[in-house]
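Structure, as structure tokens:
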Amino acid sequence: MTHDIRIERWTAASRAAVAVAGLLLAMLAAGPLFMDANAVDKLTTLFIYIILGTMWNALAGYGGLISVGQQAFFGLGAYVAVRLADAGMSVYPALLLAAAIVAAIALPISAVMPRLRAGEFAIGMWVLAELAHLVVNLDGLVQGETGTSLIALNAYAAETRHAATYWTALATMALLLLALFALLRSRTGAAIQAIRDNEEAAGSLGVRVLATKRVIFVLAAFGAALAGALWLATAITFQPKTYFSVQWTAYMVFMVLVGGLGTFEGPILGAVVFFAIEAWFGDAGVWYLVGLGATALLFSLYLPRGLWGWLQDRTGLRLLFVGYRVKPAP
Amino acid sequence: MIWLNQLIQGVLLGGYYALIACGLSFMYGVMRIINMAHGSLAILAAFALFVLADQYDVSPFVGLLVVLPAMAAIGWVLHRAVLDRSLNGGFLMPILSTFGLSIVIDNLLFQAFGADTRSLAPYIGTLSYDSWTITDDISVGQLAAGTFGLAVLLLGGLQLFLSRAPLGRAIRAVAEDPDTVGLVGIDARRVSAIASAIALVTVGIAGACLAMRATFDPYAGAPQLIFAFEAAVIGGAGSLWGTLLGGVVLGVAQSLGAQIIPQGFLIGGHAAFLAILLARLNRGGLRWPRRWAA
Numbered sequence: 010m011t012h013d014i015r016i017e018r019w020t021a022a023s024r025a026a027v028a029v030a031g032l033l034l035a036m037l038a039a040g041p042l043f044m045d046a047n048a049v050d051k052l053t054t055l056f057i058y059i060i061l062g063t064m065w066n067a068l069a070g071y072g073g074l075i076s077v078g079q080q081a082f083f084g085l086g087a088y089v090a091v092r093l094a095d096a097g098m099s100v101y102p103a104l105l106l107a108a109a110i111v112a113a114i115a116l117p118i119s120a121v122m123p124r125l126r127a128g129e130f131a132i133g134m135w136v137l138a139e140l141a142h143l144v145v146n147l148d149g150l151v152q153g154e155t156g157t158s159l160i161a162l163n164a165y166a167a168e169t170r171h172a173a174t175y176w177t178a179l180a181t182m183a184l185l186l187l188a189l190f191a192l193l194r195s196r197t198g199a200a201i202q203a204i205r206d207n208e209e210a211a212g213s214l215g216v217r218v219l220a221t222k223r224v225i226f227v228l229a230a231f232g233a234a235l236a237g238a239l240w241l242a243t244a245i246t247f248q249p250k251t252y253f254s255v256q257w258t259a260y261m262v263f264m265v266l267v268g269g270l271g272t273f274e275g276p277i278l279g280a281v282v283f284f285a286i287e288a289w290f291g292d293a294g295v296w297y298l299v300g301l302g303a304t305a306l307l308f309s310l311y312l313p314r315g316l317w318g319w320l321q322d323r324t325g326l327r328l329l330f331v332g333y334r335v336k337p338a339p
Numbered sequence: 510m511i512w513l514n515q516l517i518q519g520v521l522l523g524g525y526y527a528l529i530a531c532g533l534s535f536m537y538g539v540m541r542i543i544n545m546a547h548g549s550l551a552i553l554a555a556f557a558l559f560v561l562a563d564q565y566d567v568s569p570f571v572g573l574l575v576v577l578p579a580m581a582a583i584g585w586v587l588h589r590a591v592l593d594r595s596l597n598g599g600f601l602m603p604i605l606s607t608f609g610l611s612i613v614i615d616n617l618l619f620q621a622f623g624a625d626t627r628s629l630a631p632y633i634g635t636l637s638y639d640s641w642t643i644t645d646d647i648s649v650g651q652l653a654a655g656t657f658g659l660a661v662l663l664l665g666g667l668q669l670f671l672s673r674a675p676l677g678r679a680i681r682a683v684a685e686d687p688d689t690v691g692l693v694g695i696d697a698r699r700v701s702a703i704a705s706a707i708a709l710v711t712v713g714i715a716g717a718c719l720a721m722r723a724t725f726d727p728y729a730g731a732p733q734l735i736f737a738f739e740a741a742v743i744g745g746a747g748s749l750w751g752t753l754l755g756g757v758v759l760g761v762a763q764s765l766g767a768q769i770i771p772q773g774f775l776i777g778g779h780a781a782f783l784a785i786l787l788a789r790l791n792r793g794g795l796r797w798p799r800r801w802a803a
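Line by line, the protein sequences give chains A and B.
Just so you know, the first sequence maps onto residues 10 to 339 in our numbering.
Just so you know, the second sequence maps onto residues 510 to 803 in our numbering.
Laid out in structure tokens, this is it:
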């Protein structure tokens, strides 16, 4: 007995969600025209968090590669941007080129590191980040831990600068999300999700595991570097210790664990939650950090699929749908 | 002569790295879990000894009688409450849960003790600076030599325990195949919890050695985790003795690196680690201590 089946790649909910997301982006694009400088700055920070969360999730949730060293690319992105601006390049193109250069650096690294397993990869990446930090400190321009500034930003009036950084962050975030959405729905995306679910089984079905992981590794490095360069544009000062801090990875882990590891929407939700928590409790200093660590720990123990994963499991809701749904033919 | 001195100091430093790597490598060998809170727990033990010495005038050596059993208890609870449970979320989850735990420990220590660096050196009399003079240029610190000796004893003792004691054999059996050992009446969960407790005792010893030899602060856990991991990976061939070799290679690379350029201490260690990692991967994957009796 055979059944005719039909494969669904869009659902009514996911069509609506994409339309709403597009509308939201269009509204956000008009933001600097009517919002005050403080709100513009805050939202820029949120966009950077979303980039960090989704890119770390791409690596960990889909690639099965838990990295505790993404601050390597975050810091390098900022550092290369400082270097390019110092060489006379216009600031905003320099931010984008910096991320591209760091992605090029990540390419040979991707041939080696993703071959490490689980915890080996996690700490191996951390060692790389430490080494990158030490090497950047050797650069005379950076002046060791004293750091330097993106002086070239002085060329813009404060108002223009805030708006330009906002638009750059919003546009690159939207493009990265779109690229990830398209990638996950493509043929490579099917391979990526197969690797997420079971690496050995995927390999035995002919998925080129390492090659696929390399794609995600380089994409995630590009995203982290872009976030670092954007952060530099908002903070202006570059102190290696701040940018190469493992704290950035702690933030990424928090966002993804709370939002939902291995889901497309989860890290976006996680970034919004993290943003709100930081706004409310950021002043609590050390206790705030204790709370972040404890929350991440509790989610890993009791809600490992995060808020979004939990919601999906209970309701079957899919908004930004990257999977396949098998239905009987009508 | 100065190079020979650096070499000797590097080898002795390697003794400490072997000590801190011992628990990490042991835990990975038995449970296939890398405990990201490893370094933070060593610093926790160091602060416990510091409080005992500073507030209650307890010598660090006596303090260990309290701190090491406490570390064993923490190891047991860590396995039951965190490692075992987080495995339900997939084999990658323990990395994230222990990473979260390390953030909690580091920042709680910071909340309690502030940013000041501490050391146990003032509480161990002249041992912190006593040394044997070999030549005019070379002298060997007694504490460093003692740490090295302790590393040899601990690794040797652990090796002997694993190969001879019934519990040691049970631990090896669990490391080999945790699903099958139940058939021969071994409770894999219980044995793993005991192995965690043993690992944390070695972490406590390493924390004590670090605190006597050098200074530490609440955020000193992260570098200790990295050093432990580097030593374990460099030496990761065949047996626990590889860990000693790995520690020595790391210590020597750092020592010689520092001799070349002032910032070379850490760069030398990380570079040596990555070079060896690359060579290993080209020969087909890392090998951790697996056959403990070998």
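We treat Cβ as the ideally placed atom computed from N, Cα and C, and that holds for glycine.
Given residue i as reference, the closest of the options once Cα atoms are compared
i         : options                                    : result
Lys250(A) : Thr155(A), Gly315(A), Ile160(A), Phe330(A) : Thr155(A)
Ala731(B) : Ala280(A), Ala131(A), Glu209(A)            : Ala131(A)
Leu52(A)  : Gly325(A), Phe231(A), Val281(A), Ser309(A) : Val281(A)
Leu636(B) : Phe570(B), Gln668(B), Leu528(B)            : Phe570(B)
Leu521(B) : Gly655(B), His588(B), Ala621(B), Ala624(B) : Gly655(B)
Ile57(A)  : Asn47(A), Val265(A), Leu239(A)             : Leu239(A)
His729(B) : Ile552(B), Leu754(B), Gly634(B)            : One detail in the question is off: residue 729(B) reads as Ala in this sequence, not His. Of the listed residues, the one whose Cα sits closest to Ala729(B) is Ile552(B).
Leu749(B) : Ile785(B), Leu662(B), Ser764(B)            : Leu662(B)
Ile583(B) : Tyr526(B), Ala708(B), Gly677(B), Phe622(B) : Ala708(B)
Leu676(B) : Cys531(B), Val539(B), Gly532(B), Ile511(B) : Val539(B)
Asn616(B) : Val335(A), Ile60(A), Ala259(A)             : Ala259(A)
Phe782(B) : Gly760(B), Phe619(B), Gly532(B)            : Gly760(B)
Gly532(B) : Ala679(B), Leu667(B), Phe622(B)            : Leu667(B)
Leu164(A) : Val100(A), Tyr252(A), Thr246(A)            : Inspection of the sequence shows that residue 164(A) is occupied by Ala rather than by Leu. Ranking Val100(A), Tyr252(A), Thr246(A) by Cα distance to Ala164(A) puts Val100(A) first.
Val224(A) : Ile201(A), Leu326(A), Ile14(A), Glu168(A)  : Ile201(A)
Residues of its chain near residue i, where Cβ-Cβ distance is below 7 angstroms and the 5 sequence neighbours each way are ignored
i         : result
Ile542(B) : Met536, Leu592, Pro603
Gly291(A) : Tyr297
Trp585(B) : Ala702, Ser705, Ala706
Gly691(B) : Ala697
Residue span of the beta strand (DSSP E) that contains residue i, given as start and end
i         : result
Trp240(A) : Taken as a continuous stretch (DSSP letters only), Trp240(A) belongs to no beta strand (DSSP E), being part of the alpha helix (DSSP H) at 218-244.
Glu17(A)  : 14-17
Val649(B) : 648-650
Ser834(B) : With chain B covering only 510 through 803, there is no way to say anything about residue 834(B).
Ser637(B) : That residue, Ser637(B), is in no beta strand (DSSP E); it is neither H nor E in DSSP.
Residue span of the alpha helix (DSSP H) that contains residue i, given as start and end
i         : result
Arg681(B) : 675-685
Leu576(B) : The sequence given here has Val at residue 576(B), not Leu. Start and end: 569-586.
Val710(B) : 697-722
Thr324(A) : 315-324
Thr177(A) : 167-194
Asn66(A)  : 46-66
Leu42(A)  : 40-43
Ala90(A)  : 80-95
Nearest-angstrom Cβ-Cβ length linking residue i and residue j, presumed shorter than 8 angstroms
i         : j         : result
Leu147(A) : Thr157(A) : In fact, because the Cβ distance is near 14 angstroms, the residues do not count as touching under 8 angstroms.
Ala546(B) : Ile614(B) : 6 angstroms
Pro276(A) : Asn47(A)  : That pair is no contact at about 25 angstroms.
Leu37(A)  : Leu179(A) : 6 angstroms
Leu601(B) : Ala303(A) : 20 angstroms between Cβ atoms; not a contact.
Val77(A)  : Trp135(A) : 5 angstroms
Cβ shell of residue i (< 6 angstroms), same chain only, five flanking positions each side left out
i         : result
Gly650(B) : Ser640
Ser606(B) : Val591, Ser595
Trp801(B) : Residue placement at Trp801(B) is poorly supported in this model, since its pLDDT is 44, which falls under 50; the coordinates still yield a value, given next. Excluding positions up to five away in sequence, the list reads Leu671, Arg681.
Asn514(B) : Asp646, Ile647
Ser213(A) : none
Neighbourhood of residue i by C-beta, 8 angstroms cutoff - its chain only, sequence neighbours within 5 removed
i         : result
Ala109(A) : Phe231
Val265(A) : Gly62, Trp65, Asn66, Ala69, Gly70, Gly275, Pro276, Gly279, Gly315
Gly294(A) : none
request  = Check each residue of the region 104-124 of chain A: if its Cβ is closer than 7 angstroms to any Cβ of chain B, include it; give the result in chain order.
outcome  = Val121, Arg124
query = Using Cβ-Cβ distances below 8 angstroms, what residues of the region 127-153 of chain A are close to chain B?
reply = Ala127, Gly128, Glu129, Ala131, Ile132, Gly133, Trp135, Val136, Leu137, Glu139, Leu140, Leu143, Val144, Asn146, Leu147
message = Any C-beta of chain B within less than 8 angstroms: which residues of the region 61-94 of chain A qualify?
response = Ala69, Gly73, Ile75, Val77
ask   = Using a Cβ cut-off of 7 angstroms, which residues of the region 156-175 of chain A contact any Cβ in chain B, in chain order?
value = So the list is empty, because no residue satisfies the distance condition.
task = Give, in chain order, every residue of the region 572-602 of chain B whose Cβ lies closer than 9 angstroms to some Cβ of chain A.
result = Sequence-ordered contacts of the region 572-602 of chain B with chain A read Ala590, Val591, Arg594, Ser595, Asn597, Gly598, Gly599, Phe600, Leu601, Met602 [C-beta pairs closer than 9 angstroms].
request  = Output, in sequence order along the chain, the residues in the region 302-328 of chain A whose CB is closer than 7 angstroms to any CB in chain B.
outcome  = Within the region 302-328 of chain A, the residues whose Cβ lies closer than 7 angstroms to any Cβ of chain B are, in chain order, Gly302, Ala303, Ala305, Leu306, Ser309, Leu310, Pro313.
query = Of the residues that make up the region 261-295 of chain A, which ones have a beta carbon closer than 7 angstroms to any beta carbon in chain B?
reply = Within the region 261-295 of chain A, the residues whose Cβ lies closer than 7 angstroms to some Cβ of chain B are Val262, Leu266, Val295, listed in chain order.
request  = Can you give me, in chain order, the residues of the region 16-40 of chain A that have a beta carbon less than 8 angstroms from any beta carbon in chain B?
outcome  = Along the region 16-40 of chain A, there is no position whose C-beta sits under 8 angstroms from a C-beta of chain B.
inquiry  = Please list, in chain order, the residues of the region 772-794 of chain B that have any C-beta partner in chain A closer than 8 angstroms.
reply    = With the criterion set as a beta carbon lying under 8 angstroms from some beta carbon of chain A, the members of the region 772-794 of chain B are Gln772, Leu775, Ile776, His779, Ala780, Phe782, Leu783, Leu786, Leu787, Leu790, Gly794, in sequence order.
message = Short of 7 angstroms Cβ to Cβ, which residues in the region 602-613 of chain B face chain A?
response = Met602, Ile604, Leu605, Ser606, Phe608, Gly609, Leu610, Ile612, Val613
inquiry  = If the cut-off is 7 angstroms on Cβ atoms, which residues from the region 231-260 of chain A count as contacting chain B, listed in chain order?
reply    = Val255, Ala259
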